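Report on one structure; see the data block that follows.
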Amino acid sequence: DVKVTQSSRYLVKRTGEKVFLECVQDMDHENMFWYRQDPGLGLRLIYFSYDVKMKEKGDIPEGYSVSREKKERFSLILESASTNQTSMYLCASSWDGRAFFGQGTRLTVV
Amino acid sequence: ILNVEQSPQSLHVQEGDSTNFTCSFPSSNFYALHWYRWETAKSPEALFVMTLNGDEKKKGRISATLNTKEGYSYLYIKGSQPEDSATYLCASRGSNDYKLSFGAGTTVTVRA
């Protein structure tokens, strides 16, 4: 079975902090994604990567950056956390279009 | 950005009853339609991936249909059970696109 692992289930950070969310997949998938999920809005794509060191902006990239130095790892970076980035963050990898998700990180920025 | 809409936002079903709900998506440049089930405290899991107009897929008591010409898909749950309680997400993928665009989901609560 594909496993997508996110480093934390819950995080609480202070406004202005730099925050790293890590995601690792074990199935050699080329495509990896970061989404955030907010009530009533569904999953919104922040960034995705289709290969090592390759990245593309999704629908809501402002305030975020990403890093993909190795194929299995895709990191989401909040350069200076703000309260409006409080959300559930989901990482996914995909093969043949089908997405495999991590368990999610619920981030609270105070 | 693909505009994917799901309705209703939530529904409550009595155990044993059947139910269905809708996903609408842009029909132009369509490539695939995905359904995922997201149970509380778990990761979303893929239910179906459909590509062809008229496709019907079935997994146990859950089935889905696809109309790519008019841009909608139905998900059906037959004889709902409490374990069917979850948020059901649909996502559309356009041609020549890596990305999935998700709807806001339909949250199903099955009452015993």
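For the record, the sequence lines run as chains F and D.
Mapping the first sequence onto our numbering, position 58 (from 1) lands on 58, and the numbers just tick up by one.
Mapping the second sequence onto our numbering, position 60 (from 1) lands on 60, and the numbers just tick up by one.
For each residue, glycine too, the CB sits at the ideal point set by N, CA and C.
Quick caveat, the model's predicted, so the values are computed rather than measured.
Whole-number beta carbon distance between residue j and residue i, since they are thought to touch under 8 Å
{"i": "F:Val66", "j": "F:Trp34", "result": "7 Å"}
{"i": "D:Met50", "j": "D:Ser73", "result": "7 Å"}
{"i": "F:Met32", "j": "F:Ser93", "result": "5 Å"}
{"i": "D:Phe30", "j": "D:Gly94", "result": "7 Å"}
{"i": "D:Leu11", "j": "D:Thr19", "result": "6 Å"}
{"i": "D:Ile62", "j": "D:Leu52", "result": "Actually they are not in contact, since the Cβ atoms of D:Ile62 and D:Leu52 sit about 19 Å apart, beyond 8 Å."}
Residues that residue i contacts on chain F, provided the C-beta gap is smaller than 8 Å
{"i": "D:Arg93", "result": "Gly97"}
{"i": "D:Ala104", "result": "Gly40, Leu41 and Gly42"}
Per-residue contacts from residue i into chain B (C-beta, under 8 Å)
{"i": "D:Ala86", "result": "Note that chain B does not occur in the displayed structure, where the protein chains are F and D."}
Neighbouring residues, chain D, relative to residue i (Cβ below 9 Å)
{"i": "F:Phe20", "result": "Ordered by position in chain D, no residue passes the 9 Å Cβ test against F:Phe20, which lies about 20 Å from the chain."}
Interface residues of chain F facing residue i [CB-CB closer than 7 Å]
{"i": "D:Pro175", "result": "This structure does not reach residue 175 of chain D, given that chain D is present from 1 up to 112, and the question cannot be answered."}
{"i": "D:Leu100", "result": "Ala99"}
Cβ neighbour criterion (16 or more within 10 Å) applied to residue i
{"i": "F:Val82", "result": "According to the sequence shown, residue 82 of chain F is Ser rather than Val. F:Ser82 comes out exposed."}
{"i": "D:Ala112", "result": "exposed"}
{"i": "D:Gly71", "result": "buried"}
{"i": "F:Lys70", "result": "exposed"}
{"i": "D:Ala64", "result": "buried"}
{"i": "F:Asn58", "result": "Per the sequence presented here, residue 58 of chain F reads as Gly, with Asn not at that position. When all chains shown are included, F:Gly58 counts as buried."}
{"i": "F:Tyr89", "result": "buried"}
{"i": "F:Phe20", "result": "exposed"}
{"i": "D:Pro82", "result": "exposed"}
{"i": "D:His34", "result": "buried"}
{"i": "F:Val110", "result": "exposed"}
Per-residue contacts from residue i into chain D (C-beta, under 8 Å)
{"i": "F:Gly104", "result": "Ser43"}
Interface partners of residue i on chain F, CB under 9 Å
{"i": "D:Leu89", "result": "Gly42 and Leu43"}
{"i": "D:Val108", "result": "Those within 9 Å of D:Val108 in chain F number zero; the least Cβ separation is about 15 Å."}
### Query
When you check each C-beta in the region 45–77 of chain F against every C-beta of chain D, which residues fall closer than 9 Å?
Leu45, Phe48, Tyr50, Glu56, Gly58 and Asp59
### Segment contact flag, the region 81–88 of chain D with the region 37–44 of chain F, C-beta cutoff 8 Å, min 3 pairs
no
### Query
Using 8 Å as the Cβ pair cut-off and three pairs as the minimum, do the region 92–108 of chain F and the region 4–19 of chain D touch?
no
### Query
Which of the residues in the region 19–33 of chain D, read from start to end, lie with their CB under 7 Å from any CB of chain F?
Ala32
### Query
For the region 18–42 of chain F, which residues have a CB atom closer than 8 Å to at least one CB atom of chain D, in sequence order?
Asn31, Phe33, Tyr35, Gly40, Leu41 and Gly42
### contact_flag[the region 91–106 of chain D, the region 43–52 of chain F] where n(CB pairs < 8 Å) is 3 or more
yes
#### Entry: the region 45–72 of chain D: positions lying closer than 7 Å to chain F by Cβ
Ala46 and Val49
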